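Asker:
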Amino acid sequence: MRLSSDGGSMWMSRRFLITATVSASHSSFITSAVTILPSISFPCTIKPPRQLTLFPNSHVRSISNNSSPSPLLSITIPSGVGEKNGIPMKGSKVVLKGMRYPELENWVRSHGFRPAQALMLWKRLYGNNTWARHAEELEGLNKDFKRMLSEHAEFKALSVTDIYTASDGTKKILFTLEDGLVIETVVIPCQRGRNTVCVSSQVGCAMNCQFCYTGRMGLKRSLSAAEIVEQAVLARRLLSHEVGTITNVVFMGMGEPLHNFENVIKAGDILVDEQGLQFSPRKVTVSTSGLVPQLKRFLNESNCALAVSLNATTNEVRNWVMPINRKYNLEMLLGTLREELRLKHNYKVLFEYVMLAGVNDSIEDAKRLIDLVRGIPCKINLISFNPHQGSQFKPTKEEKMIEFRNVLAEAGCVVFLRLSRGDDQMAACGQLGKPGEIQAPLLRVPAKFQGALEALL
Ligand code: SF4
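Residue numbers for the sequence shown follow the UniProt record's numbering, beginning at 1 and rising by one.
Put into structure tokens, the structure is as follows:
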């Protein structure tokens, strides 16, 4: 919403000298991405437009997923990364940050070392302000153990390319992945000490929400658990001294987290491990556009918090601005939440509502929203839309947002306004990335909104 990788003068760049080679290859990737063409997946209810040809991608392996409850045509996994006996591998090495603690301990024992050494390694990877990225940084571990790790373990999943700083102190980190793709992670400092890192779960996104910059990219691939975890680890390693302790994680960067379900659940488990990174489960929030079967699983399998990006009060509008609604409509989505949260104690879902002028911001919308969330323990974030290149929407005026908020508050809703400041991009899922020349399609504007959008131009 607020961010884009070509965010222009708003961002001050701190390019990493040590990654000069990576940066050069990053530029060449951008060029090659245009010519190679990434694969783009679409929700199955939406046919790709005729003029958009889908090309096989040499960087990714696609897995047919027709029998899956997922509404999507395909999922992708990182190239060069595999599994052996359930352990994530890069080439012949295990990927340390792709393992939960019990898996790490088993692996350490399989190499003839004691569990106590596994715990010391875990603490140096994630705790004690070490955030080790090399065997040499493992102070206090025995020499044979370190030698074994150098031979058989991979510490890194990401390379830092750039850090940009916004005028209000928000930081955006660009990471280059093994296969040259680029993801973005945002760190939002807060004076009250509630510093937040907003992580990406995919490169691009298949959901094609019409107000989202990341959605324009289509989906290139999903991230591994290690690539997700390392965003939070590196945010702490690189920025804690500047912004203070990073206490919160939101999965609201690039991608639909629940479309990468297993890796997101695993990453969440690693983030909240009490001997490691120690994020409180209540402070790790996974945001979804509304993949209902996965959302149900999430509520049963994860302790982390859930946010749902709602953004409309009728199926007509939501079918347009969030095409996933054609598969899982408002009744299914909210009915599932109402049912599932009945069984959860002391748990509130966060509804995110990006306000689009003339589309979803009327007083009638506010009244419908009150009815829709009735009976669901929730908080509502009203988020100011920040236009981006090619966007057909305009932000709702501040006075109107306040009026909308007041209607909800008077009805007893817990509601917050997230006005357009540098820290607001974390309040909605994925407004990051850099769409190439081939982009996901903009959908037909329903006739009754055409006039409203044209009047705002
Ligand atoms: S808003 Fe989230 S789910 Fe929708 S396209 Fe953007 S990143 Fe994907």
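Glycine included, each C-beta is placed from N, C-alpha and C at the ideal position.
Quantities reported herein were computed from a predicted structural model and do not represent experimental measurements.
With a CB to CB cut of under 7 angstroms and the five nearest residues on each side skipped, what residues in its chain are close to residue 130?
Answerer: Along the sequence shown, one-based indexing puts residue 130 at 130. So the list reads 124 and 137, once near-sequence residues are dropped.
Asker: Could you tell me the boundaries of the alpha helix (DSSP H) in which residue 235 lies?
Answerer: Mapped onto the sequence shown, residue 235 falls at position 235. Note, residue 235: alpha helix (DSSP H), 225-243.
Asker: Determine the closest residue to residue 157 out of 211, 257 and 182, with distance taken between C-alpha atoms.
Answerer: Here residue 157 refers to the residue found at position 157 of the sequence shown. Taking only the C-alpha atoms, the option nearest residue 157 is 182.
Asker: Just checking residue 285 against ligand 1 - is the residue's beta carbon closer than 7 angstroms to any of the ligand's heavy atoms?
Answerer: As a working note, residue 285 is residue 285 in the sequence shown. Outside the cutoff, so no.
Asker: Less than 7 angstroms separating the Cβ of residue 212 from some heavy atom of ligand 1?
Answerer: For the purposes of this step, residue 212 is taken as the residue at position 212 of the sequence shown. Yes, Cβ of residue 212 sits closer than 7 angstroms to a heavy atom of ligand 1.
Asker: Would you grab the beta carbon distance between residue 174 and residue 161 for me? Rounded to a whole angstrom, and I think it's under 8 angstroms.
Answerer: Here the question's residue 174 lines up with position 174 in the sequence shown. Here the question's residue 161 lines up with position 161 in the sequence shown. Going by Cβ atoms, the distance from residue 174 to residue 161 rounds to 4 angstroms, so yes, they are a contact pair.
Asker: Do the stretch 219-226 and the stretch 321-330 touch if we need at least three Cβ pairs shorter than 8 angstroms?
Answerer: no
Asker: Taking 7 angstroms as the line, does the beta carbon of residue 276 fall inside it for any heavy atom of ligand 1?
Answerer: Counted from its first residue, the sequence shown places residue 276 at position 276. Not so, every heavy atom of ligand 1 lies at least 7 angstroms from the Cβ.
Asker: Can you list, in chain order, the residues of its chain whose CB lies under 7 angstroms from that of residue 366, leaving out five sequence neighbours each side?
Answerer: For the purposes of this step, residue 366 is identified with residue 366 of the sequence shown, where counting begins at 1. These residues qualify, in order along the chain: 404, 407 and 408.
Asker: Exposed or buried, which one is residue 361 when buried takes at least 16 other CB atoms within 10 Å?
Answerer: To locate residue 361, count along the sequence shown from 1; it is residue 361. The residue in question, residue 361, is buried, as its Cβ has 16 or more Cβ neighbours within 10 Å.
Asker: Is residue 453 helix, strand or coil by DSSP?
Answerer: In the sequence shown, residue 453 corresponds to position 453, counting from 1. Looking at residue 453 - three-state DSSP - the assignment turns out to be helix.
Asker: Indicate whether residue 199 and residue 244 have their beta-carbon atoms separated by less than 8 angstroms.
Answerer: Position 199 of the sequence shown, counting from 1, holds the residue named residue 199. Position 244 of the sequence shown, counting from 1, holds the residue named residue 244. Cβ atoms of residue 199 and residue 244: not closer than 8 angstroms.
Asker: Output the distance between the C-alpha atoms of residue 110 and residue 151, rounded to the nearest integer angstrom.
Answerer: As a working note, residue 110 is residue 110 in the sequence shown. As a working note, residue 151 is residue 151 in the sequence shown. One C-alpha to the other measures close to 14 angstroms.
Asker: Are residue 293 and residue 201 close, meaning C-beta to C-beta below 8 angstroms?
Answerer: Numbered from its first residue, the sequence shown carries residue 293 at position 293. Numbered from its first residue, the sequence shown carries residue 201 at position 201. Against a cut-off of 8 angstroms, the Cβ pair of residue 201 and residue 293 comes out as no contact.
Asker: Kindly give me the distance between the Cβ atoms of residue 126 and residue 277, rounded to whole angstroms, as I take these residues to be in contact under 8 angstroms.
Answerer: Here the question's residue 126 lines up with position 126 in the sequence shown. Here the question's residue 277 lines up with position 277 in the sequence shown. Yes, they are in contact, since the Cβ atoms of residue 126 and residue 277 sit about 5 angstroms apart, within 8 angstroms.
Asker: Determine contact between the stretch 369-382 and the stretch 341-350, defined as no fewer than three beta-carbon pairs at a distance below 8 angstroms.
Answerer: yes
Asker: Between the C-alpha atoms of residue 211 and residue 388, what's the straight-line distance to the nearest angstrom?
Answerer: The sequence position of residue 211 within the sequence shown is 211, counting from 1. The sequence position of residue 388 within the sequence shown is 388, counting from 1. The straight-line gap from Cα to Cα measures roughly 9 angstroms.
Asker: Measuring straight from C-alpha to C-alpha, what distance separates residue 120 and residue 159?
Answerer: Walking along the sequence shown from the start, residue 120 turns up at place 120. Walking along the sequence shown from the start, residue 159 turns up at place 159. Answer to the nearest angstrom: the Cα atoms are 24 angstroms apart.
Asker: For ligand 1, any of its heavy atoms closer than 7 angstroms to the Cβ of residue 139?
Answerer: Walking along the sequence shown from the start, residue 139 turns up at place 139. It does not: the Cβ of residue 139 is nowhere closer than 7 angstroms to a heavy atom of ligand 1.
Asker: Using only CA atoms, which one of 297, 369, 189 and 313 lies nearest to residue 240?
Answerer: Residue mapping note: residue 240 aligns to position 240 of the sequence shown, counting from 1. Taking only the C-alpha atoms, the option nearest residue 240 is 189.
Asker: When we look at the beta-carbon of residue 383 and count the other beta-carbons within 10 Å, is it buried (16 or more) or exposed?
Answerer: Taking the sequence shown and counting its residues from 1, the one referred to as residue 383 is at position 383. By the neighbour-count criterion, in which 16 or more other beta carbons inside 10 Å mark a residue as buried, residue 383 falls on the buried side.
Asker: At 3 residues or longer, and completely inside the stretch 181-206: list those beta strand (DSSP E) runs for me, N to C.
Answerer: 182-188, 195-198 and 202-204
Asker: Could you have a look at residue 159 and say whether DSSP puts it in helix, strand or coil?
Answerer: Translated into positions along the sequence shown, residue 159 becomes position 159. If DSSP states are grouped into helix, strand and coil, residue 159 belongs with the strands.
Asker: Which residues does DSSP list as the beta-bridge partners of residue 350?
Answerer: By one-based count along the sequence shown, residue 350 stands at place 350. According to DSSP, which records beta bridges pairwise, residue 350 is partnered with 307 and 379.
Asker: I'd like to confirm something about residue 255: is its beta-carbon nearer than 7 angstroms to some heavy atom of ligand 1, or not?
Answerer: Position 255 of the sequence shown, counted from the first residue, corresponds to residue 255. Answer for residue 255: yes, Cβ within range of ligand 1.
Asker: Measure the beta-carbon distance from residue 411 to residue 370 and round it to whole angstroms, keeping in mind my assumption that it falls under 8 angstroms.
Answerer: For the purposes of this step, residue 411 is taken as residue 411 along the sequence shown, with counting starting at 1. For the purposes of this step, residue 370 is taken as residue 370 along the sequence shown, with counting starting at 1. Indeed, because the Cβ distance is near 4 angstroms, the residues count as touching under 8 angstroms.
Asker: Would you mind listing the alpha helix (DSSP H) stretches within the stretch 393-418 that are 4+ residues and don't spill past its ends, in chain order?
Answerer: Runs found: 398-410.
Asker: Quick one, are the C-beta atoms of residue 396 and residue 333 less than 8 angstroms apart?
Answerer: Position 396 of the sequence shown holds residue 396. Position 333 of the sequence shown holds residue 333. Result no, Cβ atoms of residue 396 and residue 333 do not sit closer than 8 angstroms.
Asker: Taking all protein chains shown into account, do 16 or more other C-beta atoms lie within 10 angstroms of the C-beta of residue 269, making it buried, or fewer, making it exposed?
Answerer: What you label residue 269 is simply residue 269 of the sequence shown in a count that begins at 1. So residue 269 counts as buried.
Asker: Using DSSP with H/G/I as helix, E/B as strand and the rest coil, what is residue 126?
Answerer: Within the sequence shown, the letter at position 126 stands for residue 126. Correct three-state label for residue 126: helix.
Asker: Which residue's Cα is closest to the Cα of residue 306: 315, 283, 318 and 316?
Answerer: In the sequence shown, residue 306 corresponds to position 306, counting from 1. Residue 306 has its Cα closest to that of 283, out of 315, 283, 318 and 316.
Asker: Sort out for me which residues DSSP pairs residue 391 with in a bridge.
Answerer: The residue labelled residue 391 in the question sits at position 391 within the sequence shown. None, per the DSSP bridge assignment.
Asker: Tell me whether residue 37 sits in a helix, a strand or coil according to DSSP, three-state version.
Answerer: In the sequence shown, residue 37 corresponds to position 37, counting from 1. Unreliable placement is indicated for residue 37, whose pLDDT of 29 sits below 50; no coordinate value is reported for it.
Asker: Look up residue 248 in the DSSP assignment and give the residues it is bridged to.
Answerer: Start at 1 with the first residue of the sequence shown, and residue 248 comes out as number 248. 196.
Asker: Identify which residue in 133, 113, 455 and 442 has its Cα closest to the Cα of residue 226.
Answerer: Mapped onto the sequence shown, residue 226 falls at position 226. Among 133, 113, 455 and 442, the Cα nearest to that of residue 226 is on 133.
Asker: Would you tell me roughly how many angstroms separate the C-alpha atoms of residue 331 and residue 446, rounded to the nearest one?
Answerer: By one-based count along the sequence shown, residue 331 stands at place 331. By one-based count along the sequence shown, residue 446 stands at place 446. Going by the C-alpha atoms only, they are around 21 angstroms apart.
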